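See structure below.
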Amino acid sequence: MEDVKASAFADLLQDVAFPVRRPQIAAAVEGRGVDPLVRRKIEQIPDREYTDVFDIVVALSLTPAHLKGRRPL
C-alpha cells in the first residue's frame, strides 16, 4: 500500500465516523497491516478535521514522505 489509494483507505476507515482527526486515523489503521511508509505519512498530515476519505488521501499525497518518493517529470 505504498501508493495510497482512496478505495483501499476507505476500507481501512469503514468503521470511522467523519469528520475525523489525525489521531483517529492513526488509531483506525493500527494493527491492520498498513505499510510503514503510509503510517509515516499519517503522522505527517496536519491535525485537523478531515471530512471524507478523499480529503485524507489528498493530505497524504502532500506529505514530505510521499513527495520524497516521487520522481520529477
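Residues 3 to 75, numbered by the numbering used here, are exactly what the sequence shown covers, in order.
Glycine residues also receive a C-beta, built at the ideal position from the N, C-alpha and C atoms.
Please read all numbers here as calculations on a predicted model, not as lab measurements.
Leaving out the 5 sequence neighbours to the left and right, which residues in its chain are closer than 8 Å to D54 when beta-carbon positions are compared?
Taken in chain order, the residues that qualify are F20.
For L15, is the classification buried or exposed, using 16 other Cβ atoms within 10 angstroms of its Cβ as the cut-off for buried?
It counts as buried.
Are V59 and F11 touching if we call contact CB-CB under 7 Å?
Their beta carbons are under 7 Å apart, which means V59 touches F11 by this criterion.
CA-CA distance, V22 and R41?
Cα-Cα distance, rounded: 16 Å.
Since V22 sits in a beta bridge, which residues does DSSP pair it with?
Its beta-bridge partners are Y52.
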